[in-house]
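Encoded as structure tokens, the structure appears first; notes follow it.
Number of protein chains: 2
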Amino acid sequence: MMHISTKGEYGVRVMIDLARYYNKKLRSLTDISQDEGLPVQYLEQLIKKLRDADLVMSARGAHGGYQLSRPPEEIRMSEVLSVLEGALSPYACLSVNGAEVACGWDKLGSCSTRSLWARLQEAIISTLESITLNELVDSEPPAPIRVPEQQRNIKIQL
Amino acid sequence: MMHISTKGEYGVRVMIDLARYYNKKLRSLTDISQDEGLPVQYLEQLIKKLRDADLVMSARGAHGGYQLSRPPEEIRMSEVLSVLEGALSPYACLSVNGAEVACGWDKLGSCSTRSLWARLQEAIISTLESITLNELVDSEPPAPIRVPEQQRNIKIQL
DNA sequence: TTTAATCCGAGTAACTCACTCAGAATTAAT
DNA sequence: ATTAATTCTGAGTGAGTTACTCGGATTAAA
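Protein chains in written order, with our numbering: chain A, 1 to 158; chain B, 1 to 158.
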């Protein structure tokens, strides 16, 4: 359970990549995809979300690319992940901003599991809010890697 | 993201139901499903996992049913949910018991996101370990409810 | 004008989810 | 002994999600 999808994983990787080059140069998706070993066309979808949420800025045309809209220390992982993966809530009863959504049970006054999900959500959100992008950036940009095709999409069952 | 499935949700509800009747009587699945408003045949699948994990015991035949194997205060939600939903890890790099699984990136020494998922996992597991089943049980068994069919499976998008 | 890039919408194979269906095995009550 | 109530087991399924790909339009530097 509770696994994050490649949207979140790849998106965070992209953000870390951009943080390494913050205030240095624009990064094109082809560069990012080569250095991080991720499929370009899939990244296009992800970075659209990041741009719509104003976490990154883009420049079109030749020698275009992306850069962070804000310094890495002002970008919290809660923001990044909620943009990429949707609400950080483990259950429909609860939403990110505190607004509540009705479900069949709580209308009938019997949502015994609610406090469980509420506490879990609180834990998830507060940890993700406490981590900023610059904490995940190692000073040196590592050498470009190539991940073999077969080693993607690994999942643990039980 | 981070949403739990109905396996987890229903399974926790079943455990809460059984906790209410702990040391009182056996509960049949048809009773549970009627009182909680959940589909019987789906519960059969879920409770099999709970039984295999020795969280509940069963008695077959007429007037059979289920009961908790241990008192509710000795059952942690981390146990229940990992049985129902699989590992509580947000990413394949990390597993519940601390044993590590290789992924394409960390073998190449470039798993920049690892510490993020590690901290998230730590938060999730420690909160779920801190909550025992009896904390979720309200003293009085509530009146049986009937959840209208349409109101299941509600999900928030973004 | 060529080339390199972002943008955009659609399509898709594989998988997961949330169940249902059919029936066998076991036990209590009659 | 028969019936009824229950747990057990395995298989199937429609809808949705995931993790992509494909084809092309748009923009801008060289």
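Positions of the beta carbon are idealized from the N, C-alpha and C atoms, including for glycine.
- Residues of chain A with a Cβ closer than 7 Å to the Cβ of S33 (chain B) do not exist, since the nearest Cβ in that chain sits about 14 Å away.
- Residue environment for P71 (chain A): exposed (fewer than 16 other C-beta atoms within 10 angstroms of its C-beta).
- The beta-bridge partner set that DSSP reports for M57 (chain A) consists of A:Q67.
- For A87 (chain A), there is no enclosing alpha helix (DSSP H), as DSSP marks it with neither H nor E.
- L46 (chain B) sits close to L84 (chain B), with the two beta carbons spaced by under 8 Å.
- The beta carbon of V40 (chain B) sits closer than 8 Å to the beta carbons of L29, T30 and S33 from its chain, once the five residues preceding and following it are set aside; these are given in chain order.
- Spanning the alpha carbons of R119 (chain A) and D52 (chain A) requires a straight line of approximately 30 Å.
- Counting of Cβ neighbours within 10 angstroms places D35 (chain A) among the buried residues, the total reaching 16 or more.
- One alpha carbon belongs to L136 (chain B), the other to R27 (chain B), and they sit about 18 Å apart.
- In this structure, the straight-line span from the alpha carbon of L128 (chain B) to that of E122 (chain B) is close to 10 Å.
- Judged by DSSP secondary structure, T6 (chain B) falls within the alpha helix (DSSP H) whose first and last residues are T6 to R20.
- The three-state reading of DSSP puts T132 (chain B) in strand, counting E and B together.
- R13 (chain B) places its beta carbon less than 8 Å from that of T113 (chain A).
- Among the CB atoms of chain A, one or more fall inside 8 Å of the CB of I131 (chain B).
- When beta bridges are read from the DSSP output, R51 (chain A) appears opposite no residue.
- Taking C-beta atoms as the reference points, L133 (chain A) and M15 (chain A) count as a pair closer than 8 Å.
- With respect to Q67 (chain B), Y10 (chain B) sits apart: the two C-beta atoms are not nearer than 8 Å.
- At least one CB of chain B lies nearer than 8 Å to the CB of R13 (chain A).
- For the options A:E44, A:M77 and A:L18, the alpha carbon positioned closest to that of S69 (chain A) is the one of A:L18.
- The residues L81, L84 and E85, in chain order, have a CB closer than 7 Å to that of G8 (chain A) in the same chain once the five nearest residues on each side in sequence are set aside.
- For the C-beta of M57 (chain A), not a single chain B residue is nearer than 9 Å; the gap to the nearest is close to 22 Å.
- Taking a beta-carbon distance threshold of 8 Å, S78 (chain A) does not count as an interface residue toward chain B.
- At a cut-off of 8 Å between C-beta atoms, E74 (chain A) does not count as an interface residue with respect to chain B.
- At a cut-off of 8 Å between beta carbons, D54 (chain B) makes no contact with chain A.
- At a cut-off of 8 Å, the C-beta of T6 (chain A) has no neighbouring C-beta in chain B.
- Below the 8 Å Cβ cutoff, chain A contributes A123, I124, S126 and T127 as neighbours of A123 (chain B), in chain order.
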